[in-house]
Each structure stands twice: as C-alpha cells, then as structure tokens.
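Here is the structure we will look at.
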Amino acid sequence: MPHASLARQITDFANRANPYPLYTELRRTPVLHEEEDGPYLISSYYDIEALLHDPRISSDATNLAAAGADGAGEPEETGGLPPSFLRLDPPEHDRLRRIANTGFGPPHRPRRIEGMRGAMREIVTELIDGFGDARRIDLVDQFAYPFPVTVICRLLGVPREDEPTFRTWVDPLVASLDPEKRPGGAQEAEYRQSAQEARMRLGMYLSGLVENRAREPRDDLLSDLVNSRGPDGSMTMMEVLSTSVLLLIAGHETTVNLITNGMLTLLRHPEILGRLREDPGLAVPIVEELLRYEPPVQLVPQRTCITDIEVRGVTIPKGSRIWLMLAAGNRDPERFEDPDRFDPDRGDIRHLGFGSGIHSCFGAPLARLETQIALSELARRLENPRLVEDPPPYRENAVLRGPRHLNVAFDGLR
Amino acid sequence: MRLVVDLNKCQGYAQCAFLAPDVFAMHGEESLLYDARPEEEQRERVARAVAACPVQAITADGLDRAGESQGASDVR
Amino acid sequence: MSADHMERLRREGRIVIVGASLAGLRAAETLRAEGFAGDLTLIGDEPHEPYDRPPLSKSALLGMASPLRTELPRRREIDAKWRLGVAATGLDLAAKRVRLADGDEVEYDRLLIATGVRARPWFKEEEARLDGVCVLRTRQDAADLTRRLRAGPRRVFVVGAGFAGSEVASACREMGLQVSMAERAGAPLVGALGGVVGAVAADLATEHGVDLRTHVTVTALEGDPAGRVRAVHLSDESVVEADVVVVSLGSLRNTEWLAGSGLGAGPRGVACDAGCRAFDFRGIVTDDVFVAGDVARSPHALFGYQFLSLEHWGNAVAQAETAAHNMICDGADRRPHLWMPAFWSSMFGVNIKSVGVPPMGEQLMITQGSLAERRFVGVYGHQGRVVAAVTFDNARWLEFYQRQIERGAPFPVEFPTLDRRPEGRQPVPAGFPDPSLPTHGPMVTLSGYSPADQQLVFHPARH
Chain A
13 MPHASLARQI TDFANRANPY PLYTELRRTP VLHEEEDGPY LISSYYDIEA LLHDPRISSD
73 ATNLAAAGAD GAGEPEETGG LPPSFLRLDP PEHDRLRRIA NTGFGPPHRP RRIEGMRGAM
133 REIVTELIDG FGDARRIDLV DQFAYPFPVT VICRLLGVPR EDEPTFRTWV DPLVASLDPE
193 KRPGGAQEAE YRQSAQEARM RLGMYLSGLV ENRAREPRDD LLSDLVNSRG PDGSMTMMEV
253 LSTSVLLLIA GHETTVNLIT NGMLTLLRHP EILGRLREDP GLAVPIVEEL LRYEPPVQLV
313 PQRTCITDIE VRGVTIPKGS RIWLMLAAGN RDPERFEDPD RFDPDRGDIR HLGFGSGIHS
373 CFGAPLARLE TQIALSELAR RLENPRLVED PPPYRENAVL RGPRHLNVAF DGLR
Chain B
13 MRLVVDLNKC QGYAQCAFLA PDVFAMHGEE SLLYDARPEE EQRERVARAV AACPVQAITA
73 DGLDRAGESQ GASDVR
Chain C
75 MSADHMERLR REGRIVIVGA SLAGLRAAET LRAEGFAGDL TLIGDEPHEP YDRPPLSKSA
135 LLGMASPLRT ELPRRREIDA KWRLGVAATG LDLAAKRVRL ADGDEVEYDR LLIATGVRAR
195 PWFKEEEARL DGVCVLRTRQ DAADLTRRLR AGPRRVFVVG AGFAGSEVAS ACREMGLQVS
255 MAERAGAPLV GALGGVVGAV AADLATEHGV DLRTHVTVTA LEGDPAGRVR AVHLSDESVV
315 EADVVVVSLG SLRNTEWLAG SGLGAGPRGV ACDAGCRAFD FRGIVTDDVF VAGDVARSPH
375 ALFGYQFLSL EHWGNAVAQA ETAAHNMICD GADRRPHLWM PAFWSSMFGV NIKSVGVPPM
435 GEQLMITQGS LAERRFVGVY GHQGRVVAAV TFDNARWLEF YQRQIERGAP FPVEFPTLDR
495 RPEGRQPVPA GFPDPSLPTH GPMVTLSGYS PADQQLVFHP ARH
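Residue numbers (our numbering), protein chains in the order written: chain A, 13 to 426; chain B, 13 to 88; chain C, 75 to 537.
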C-alpha cells in the first residue's frame, strides 16, 4: 500500500499514544470516505453532534452487519445473547434502557449512585493505602482498574472475589470492540469464536447470579433488572444477561481509561495538579475537560444510515457505515478555542465525551463521580508524583483508548 | 443560591438529578423539576450538576465556575 | 445617528426598561455586558425582583420549590435603579417620558417595553371575586393556589385545558385531589398542538383520573352565602360542585398603559420590526422604543414574515438580548431577532416539547414512535414545508427537526426514520380548530402582516 488510509493510520497501534495530529488531518476532510465499502469518517464537532441526534442513523447490529461491518458489533449478535441496547434502535433500545434505568437512576433510584459516594471514597482510600511503602506504582493495575471494577461489582451485586475470574472473559470482549483487532483471514474465525465464548461464559456466570436474585432480591442493580415489572413489562432472562454484560464491561473499561488518561494529563500539567491538590472541587471541571481533551471512547464505529443522507454537501449512501470521531470533534477549532490546550477553566466545555442523543453514556454519572474522587484523592495523597515514562505503553484498542500501564513515581503518601 | 434551568435546552439526560438529588428531580422519564432556591449546603452538589449538564442548561448564581467567561483567577 | 452620538448614549445615556421580569432582567444584563455605562432604570408593577414563572405551575405545585422563591439568578451585576411595585401608566413619545402610577415621570433616551402578559380573569367580575376562584400567573397566585390545594379541597375545577390548565390538573391528581377540567374544544392543548395530539393529552388526563369535559363552556360560577365558590355551571346544563376553581383561559397583553401613546399597541401586543424596534400606529418604525418578550409581536422570516406573538420563555430571553444589543448599536451592527419558537410543558409525567409554529400546520405526520404509546415525534406541514414538530418524551430528536424547519424541508417528510410505525407513513389533518374560534393559550399567535393591525386572530389562508 503506497499510502495508508487515515482510518487505518488511526487504528494503527503505532499511533495510539498520540492520534491527535491524525485527527487534525482528518478534520481537513470533515466527511472522509477513503476506500470503497469503507466507513465514512465524520470529524467535525457540529456534524457529529447533529448525527448523534439524527433519526436516519441506526445503531442496530443487524443493519451494521448488512453494511459489511468490520468486527465491531459481531460478538454481540452471535455470542448466544441478544444484542444489548447499545446495539439496538428504538423502540427496543428505549424499552430496555428504560427498564435498566429503573435500577440505576432517577426517577426510580435517584440516590443509588450519589449514595455510593462514601463507598467509593473508602475503596479509593483502601487502594491508595495499599501502595504501602512503594515509591513507584503502576496506576492502571494498582488503582485505575480495580477501583471501577469494585464499584460496578458492588452496584450490580457481583461478589468481588469473582472479579479475577470474570476479568478473563471481559478482556477478549473489550478487545473485540476494536476494529483494528480484527485479524482477518484464517485467524478471523478463531478470534471471533474466542470473543463469543467469553461472552457466553460471562453470560452463564451472570445467569447463576441473576437466578439467585430472582429468588432472593437484594439491594442491587441485578435484582432490580430481573425483578422490574413496570409499564414496560420485564426483561427476558436473555435481556437481563445481555444488559448485565453491557453494564459490566462498559462500567469499567471506559472508566479505567478516563482515570488513567486523567492522571497522565495532570502529570503533564503539574500546575493544574497542584491546584487540584489545594482545591478538590477543581476535579469537577477537570473531569469535564478530560472528557473533551482525552475522551476514553475515541470514536463510535457502529452506526449506519438507513437512507441517503447529506453531510456538508457529501451524500452518504443508504447502508453506509459511519464512524463518528468523537475525539476529533472534541478538538475541533470551529467549536473550541485553542482546542489542543488542556484547560479546565474554559467556561464552555460541552464535550462529546459521553456521546449525545438517545445512546448517550448510560453510566456517565457513575464515571464522573468515580473519576472526580479518584483524581482528587490521588492529587491529595501522592507526594511529588511524576511520570516514569512518557508516553506510557498503550492498550491496543483504538476505540476505548488508554494506557496499558502508567508507571508513576512519588516520594510518599500523605 | 438561585438557579434556573433553560428547559428548552434540557433533553432529560438527568445528570443533575443524579448529582444533586435534593435539588433536581426527574418527573417521569424526561421532565425535570427543580428547586429554584436550594439551601447553601447544596452548593457543591449544584456546582457538580451545572458542570455535568450535557447541554449546559443550568444557570446558578454564586458559583465561580458557572459563568461563561471566567478566567483562571475566578476559580475559588 | 452619528458614531459620536451612539458613543455618548453608551457612555452616559438613559435607558428605561418597563417590565421587571425575565425579558427585562436579561435585557438589563445584556446592556451592561455590552458596555452600556449610563443610567439604567427597571420599572415593574410587582413589588418583587424578577422571578421565574414556569416553576409556578410545576415544581411549586408539586412541592419541589417554594412559589415565593423562584427569583432569577443574575448573570452579572446590572447596577440599575429599581422602581418595583409601581406600574407604568403612560408614555409620551415626543417628550420621551414614562409616567408612573405614583405620578412620577422617568425620562429616557432609549426605552424597552417588556410588560408581558397577565392572566385573563374570569369574565364575570362578581363571580371572579368569589373566594376560591384563582388564576395562575404571578407568584402570589401560585402561593395562594398552593395553599388552597394543600388544604385538601374536595374538588378542584380547572376552566380551560391549555398547557397551564392541564399542568394544574396534573399536579392536583398527583396530590390525590379530585379534579375536573372543562374545555371548549374537543380535547386539551388543541389550540397549541391540534386535535390529533390533543386526543393523546385527553387520554393522558382521563387515565390519570381527571374528570375531563370537552365541547363545553363554563357559564357561571356559583357562590355560597359566605362568598365562597361552591359550584360550576356548564353549557351542557350540568353542575359540578367544587371549592377551588382555577381559571386558565390564557392571557392578556399588558398594553393598556400605551393607549393614546401613538405606538402600534393593542390587545395583540406591541408590533415591532425584526430588530425589536416598535412601530407607531401608522406602521412607521420608531428608533428609540424597543419591545421584547410576551408583549411583542414581530415578523419572522421562517414563517412567511407574519407577525408572531410568542408566549415562550426562550423567546423572552432571546428577544431581550437582541433588543438590548440593538438599543446601543447603529445600523449595520444591529441584529435581527430570528429565534426559533420553542416551548416545553410537563403533565402526567410526560415531557412535551415543541419547535416551530404548530398552529400554522394543516397536516401532521408521526415520524417516530406512536400516539398510542404517548412517546412520539410529530411533524407539522404547511404548504409543502415542515413548519413545526412536537415530541412526547422524545426530546433528544427535536433538534434534528428544528434544522428541518430552518431549511424549509419538504413536507410530507420524504425519508425513512427510526421507529416509523404504519400510522406514520402518511400525513393526517392536524386538527386545529376553525381559526375564527378563539382557543385557550395557544402560546403562538400568528397575527397577519400589518404592524398596525389590531384584529384579534389571523391564521394563514388554508388552501
């Protein structure tokens, strides 16, 4: 290949540490279609925002498969479980999301997340205390991963001691969300099978828990999912399982990156880290700016259009795949002044980090609280923290982008 | 403190109702109710809600970071 | 006007704003934000600083907010002279003076009229004075109504099933109170959203236990010897006992104080151009009198340049900002007021939002969801164009349809959409009542092409 397409460069692992120059290049052609049958890449803020609210754009896994999808989406439709609401359109999406919400947020459970604040703080304190006398840690393995996992387990009602077991199923599933991870050719079948198998095993594990909660409900989200009997009826067992798998994966694989990207960014901006140490309240705008500046979900690669649509004068034919490049839109100079500057003081941080429209991040309030607490506590307690290597090693995933390890040295704990 | 929500902008994402449940409440799936004069003790929670609103529909007075044009010097 | 003159106005001019509510406050803030350094006076007939009204029929009745504590937050310091609790009673255009109820006079270089509307009272004065007969517009009204509802009346009777009336009925049911609601049209919200959507609102109300009576008018309110209301008489000769009656028959524009001033002001409001400058009665635009908010009627490019009166919160904010900007700018720096009409309401747990001008549409297409499920997007068409959209619990799609209106997109909607049901494949008549009949609180009124017109209701020709 004489010149790799931008889409391929963006998913190329070699560019994982800093894809932003590629996004800048991408925005020069706000609707980019490089290869026949390839996706249309949308990179300007306003276009992305509009398409997230456009009723001609489908998230349905079946439409995506018909469009010749590239790996993103298949595990969900073939793993023995029905697609989760992430991969459904209204009215099914709306029905399942409403039922899921009855156990999660307002109006039914307005205090469930807010009520976990104390528990979150305790978990964070425990994890930081656990650094002990070490003067150097891997923030990912020792903090940013175990924290949200513990929280989501507690929320759902999954026993913590089972965490290592299900991590072996979660990892291949998360990897399967990444278009770049598709090996193609002979390995493709094997790769897909391992993702399916992981999903199935996770499903089986959860079905045991769910059956238990159906018999003996507890104060947890799984109990609410399986016992919901609202105006929307109840979820089938299979729907409970696919929703639980979705929440479990989305509930920590994104937050781990938000926390790690956050600490990395703060260590690169020590003056802001210093201010956060003095003023924990600064964590609020810092997290919003992080969601703009280093969003944990870089792009949404699962959309198709159900009819011809026109974006900036370009006709995207019916059935085309569309990648909404959230991270590129978040740094669109047409929308944000000085977009490449990390600036939690900018008054206007209306980012695309959680998406928008009906599929906007279900767990956003949880991720916000977790990251606010995590960053303000790390800032407060680590004495003179600094990066051991910059850039750190990254995960392979181009969609859920974040460091695989973040080695941080410090002089002690406060 | 005083606050007002531009309900033309509001799309029912409910972030405020998660973060400051004593001040903001969902009424049904999408409608928002709120206390326009919450107690001072709610200030921190309201600040979180203002920052988290995906459509920036909440205006509150007396919040350093709520305004459109504040510089670094204004922040607490 | 010379640049010098404008510079002086900005530095040491006198600006008077009549009307100290949402539009007046936002205008004052904008003036200061844009550098107006002269004298600023706000005149308001209520003795309170500007407060927000939408919560009065929602959060306040439901106990989520105090009706007396909805003062609007300030976007910035405005350093104004406040004349509160004193109504403006007259305007002398030649002398550039506003007369006040206490006899005082205030001179201006620039005037902004933002006097808004008031609740239309029950038409029989004696009956309107009965104890228990309420309206809902001011915070005092809301405090009074809240107190009466808390006292546990045996039955509340709502006269008029527009948005405000329906919101009150909804709150009553939530409080466990018996409530009846009477409407002259065939369903609630018919004037604002038409009969098809109105039927959904009727089902909602009925299912939530509202005793809804349509195609009837209230003929009399009956009091007991102590002067308390005790029954409502209807045109179908039925009588309903009630101890609280909420009169919700729309609003009247506060323009009486402008009578004889020479401005183009009347029951339909004060006509102004796209730059918010008031017209005089001859249809000639003034250059020092501006209008904003519910009291204004102004032409809109997207709706055939007809004059629109908008009782919309968002319009008050946007028009105030534009008017204020234009008050302290010359020619080319001025901006047109091109706000897309938009409003929201909430009743029986359902969020209702709209953009555009639904009453202009003769046809309706349900492009997403279903009427029967009370979750849908409806699109209104007029002469082959999309002119409005309404959502029931589907607000996140609305901005897409707003862009369709802005583009003048063709109607019927020619593309497929997610969640299109068989019922949404063809447009149906939207079911607005005969335009010659008045309706309650349509909130958008199309009022023809002439700034000097004083006729009551104009609707577009139906071909």
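For each residue, glycine too, the CB sits at the ideal point set by N, CA and C.
The structure displayed is predicted, hence computed values, not measured ones.
Below-7 Å beta-carbon distance, residue i vs any chain A residue
{"i": "Leu492 (chain C)", "result": "yes"}
{"i": "Ala69 (chain B)", "result": "no"}
{"i": "Glu385 (chain C)", "result": "no"}
{"i": "Arg14 (chain B)", "result": "no"}
{"i": "Phe489 (chain C)", "result": "yes"}
{"i": "Gln27 (chain B)", "result": "yes"}
Residue i in three-state terms, based on DSSP
{"i": "Gln252 (chain C)", "result": "coil"}
{"i": "Asp150 (chain A)", "result": "strand"}
{"i": "Tyr523 (chain C)", "result": "coil"}
{"i": "Glu265 (chain A)", "result": "helix"}
{"i": "Met414 (chain C)", "result": "coil"}
{"i": "Gln478 (chain C)", "result": "helix"}
{"i": "Cys65 (chain B)", "result": "coil"}
{"i": "Tyr125 (chain C)", "result": "strand"}
{"i": "Gln214 (chain C)", "result": "helix"}
{"i": "Gln23 (chain B)", "result": "coil"}
{"i": "His307 (chain C)", "result": "strand"}
{"i": "Asn328 (chain C)", "result": "coil"}
Beta carbon proximity, residue i to chain B, threshold 7 Å
{"i": "Gly388 (chain C)", "result": "yes"}
{"i": "Val312 (chain A)", "result": "no"}
{"i": "Thr144 (chain C)", "result": "yes"}
{"i": "Glu228 (chain A)", "result": "no"}
{"i": "Ile125 (chain A)", "result": "yes"}
{"i": "Arg107 (chain A)", "result": "no"}
{"i": "Ser133 (chain C)", "result": "yes"}
{"i": "Arg362 (chain A)", "result": "yes"}
Cross-strand partners of residue i (DSSP beta bridge)
{"i": "His45 (chain A)", "result": "A:Tyr52"}
{"i": "Ala6 (chain B)", "result": "Nothing can be reported for residue 6 (chain B), as the shown portion of chain B is limited to 13 through 88."}
{"i": "Gln442 (chain C)", "result": "C:Val451"}
{"i": "Ala37 (chain B)", "result": "B:Leu45"}
{"i": "His456 (chain C)", "result": "C:Arg459"}
{"i": "Gly430 (chain C)", "result": "C:Ala462"}
Distance, residue j Cα to residue i Cα
{"i": "Ala256 (chain A)", "j": "Leu168 (chain A)", "result": "Sequence inspection shows Ser at residue 256 (chain A); the Ala mentioned does not correspond to that position. Near 8 Å, if we compare the C-alpha coordinates of Leu168 (chain A) and Ser256 (chain A)."}
{"i": "Arg408 (chain C)", "j": "Glu301 (chain A)", "result": "35 Å"}
{"i": "Met80 (chain C)", "j": "Ser95 (chain C)", "result": "27 Å"}
{"i": "Pro102 (chain A)", "j": "Pro128 (chain C)", "result": "31 Å"}
{"i": "Asp539 (chain C)", "j": "Gly430 (chain C)", "result": "This structure cannot speak to residue 539 (chain C), because chain C is shown only from 75 to 537."}
{"i": "Pro297 (chain A)", "j": "Asp357 (chain A)", "result": "7 Å"}
{"i": "Arg109 (chain A)", "j": "Arg204 (chain A)", "result": "27 Å"}
{"i": "Leu34 (chain A)", "j": "Ala207 (chain A)", "result": "29 Å"}
{"i": "Ala275 (chain C)", "j": "Thr288 (chain C)", "result": "12 Å"}
{"i": "Glu436 (chain C)", "j": "Leu384 (chain C)", "result": "19 Å"}
{"i": "Glu228 (chain A)", "j": "Leu221 (chain A)", "result": "10 Å"}
{"i": "Gly164 (chain C)", "j": "Leu332 (chain C)", "result": "6 Å"}
CB contact check: residue i to chain C, cutoff 7 Å
{"i": "Gly85 (chain A)", "result": "Per-residue confidence for Gly85 (chain A) stands at a pLDDT of 39, beneath the threshold of 50, marking its modelled position as unreliable; the derived number appears in the next sentence. No, its Cβ sits nowhere closer than 7 Å to a Cβ of chain C."}
{"i": "Asp66 (chain A)", "result": "yes"}
{"i": "Asp231 (chain A)", "result": "no"}
{"i": "Ala64 (chain B)", "result": "no"}
{"i": "Pro102 (chain A)", "result": "yes"}
### Selection of the stretch 367 to 384 of chain A by Cβ proximity to chain C, strictly under 7 Å
Those would be Gly369, Ile370, in chain order.
### Message
So if I threshold CB-CB distances at 7 Å, which residues from the stretch 460 to 476 of chain C count as touching chain A?
### Response
Taking 7 Å as the upper bound on Cβ-Cβ separation, chain A lies near residues Arg470, Trp471, Glu473, Phe474 of the stretch 460 to 476 of chain C.
### Query
If you measure beta-carbon to beta-carbon, which residues of the stretch 292 to 319 of chain A are closer than 9 Å to chain C?
Ile318, Thr319
### Message
Please identify, using Cβ separations under 7 Å, the residues of the stretch 41 to 52 of chain B that lie next to chain C, in order along the chain.
### Response
Glu41, Glu42, Ser43, Leu45, Tyr46, Asp47, Ala48, Arg49
### Query
Which residues, in chain order, does the stretch 13 to 35 of chain A contribute to contact with chain C at a C-beta distance below 8 Å?
none
### Message
Give me the subset of the stretch 110 to 142 of chain A whose CB atoms are less than 7 Å from a CB atom of chain B, sorted by chain position.
### Response
Contact residues of the stretch 110 to 142 of chain A toward chain B are Arg110, Gly117, Pro118, Pro119, Pro122, Arg123, Ile125, Glu126 (C-beta to C-beta distance below 7 Å).
### Query
Along the stretch 429 to 444 of chain C, what residues have a CB closer than 9 Å to any CB found in chain A?
With the criterion set as a beta carbon lying under 9 Å from some beta carbon of chain A, the members of the stretch 429 to 444 of chain C are Thr441, Gln442, Gly443, Ser444, in sequence order.
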